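Trainee: In the numbering used here, the protein residues as written are 16 to 209.
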Ligand SMILES: [Zn+2]
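(1) Name all residues in chain order for which at least one heavy atom of ligand 1 lies closer than 6 angstroms to the residue's CB.
(2) With the cut-off set at 9 angstroms, would you say residue 187 and residue 150 are in Cβ contact?
(3) If contacts are defined as beta-carbon pairs under 8 angstroms, then residue 57 and residue 73 qualify, I think. What distance do you get, rounded to the angstrom?
(4) Per DSSP, which one or two residues make a beta bridge with residue 85?
(5) Taking the alpha-carbon positions, what's the residue 41 to residue 69 distance?
(6) Let's test the definition: count the other Cβ atoms within 10 Å of the Cβ of residue 89 and tell me whether it reaches 16, buried, or not, exposed.
(7) Of the residues 158, 173, 175 and 171, which one's Cα is nearest the Cα of residue 194?
(8) Just reading off the beta strand (DSSP E) that residue 146 is part of, what are its end residues?
(9) Could you please give me the residues that DSSP links to residue 183 through a beta bridge?
(10) To the nearest angstrom, how far is it from the Cα of residue 142 to the Cα of residue 132?
(11) Excluding the 5 residues flanking residue 62 on each side, which residues of the same chain have their C-beta closer than 7 angstroms to its C-beta?
(12) Name, in chain order, the residues that DSSP records as bridge partners for residue 129.
(13) Tell me where the alpha helix (DSSP H) around residue 47 begins and ends.
(14) Are there 16 or more other CB atoms within 10 angstroms of the CB of residue 98, so buried, or fewer, so exposed?
(15) Among 196, 189 and 179, which residue has its Cα nearest to the Cα of residue 51?
(16) Locate the alpha helix (DSSP H) running through residue 94, then write down its first and last residues.
Structure, rendered in structure tokens:
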């Protein structure tokens, strides 16, 4: 984890921006350190998932008390299904656990090693998840891997309008290295032929 030390108790979007963090809301500094730690753990889980021949993406959902609700890797290749992204798998698991079509009452946060693609943004919006925390930005995922993350005009502001907080580009250098290793290892870049 990086050794950034923040002096203020609350970090505004501008302060976060100065440190290269994308955000549509302010956050308590203590809380920011906590989400940074979870993203770093998710990078480790991504590495483990790759060893098990899963995709290089991993998502976890936590409730407001810090209880883990869902923890899933991308399983597109394994399940032979184009929609089995980590976020979709985690949202499905959360619905099963909570037993309702809306997750809104639980004040949930989804953590992902990379920015959600256009499909997963839609799924997050429909799920009732309140906060999104991600690592590597889509533009970097595309540059490194060749995956097509889709078109997502101004999604972070659109989420803000809907009351969904977003914090991204967290510890992203570590996240990028894992994606680079995935490509170097010759694993599958699963995408449809155009
Ligand atoms: Zn996705």
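Here a beta-carbon is modelled for each residue, glycine too, at the ideal position from N, C-alpha and C.
For clarity, every value in this text was computed on a predicted model and none was experimentally measured.
Mentor: Let me spell this out:
(1) 100, 102, 131, 132, 134 and 135
(2) yes
(3) 5 angstroms
(4) 76
(5) 34 angstroms
(6) buried
(7) 158
(8) 146 to 151
(9) 37
(10) 15 angstroms
(11) 193
(12) 151
(13) 44 to 66
(14) exposed
(15) 189
(16) 91 to 94
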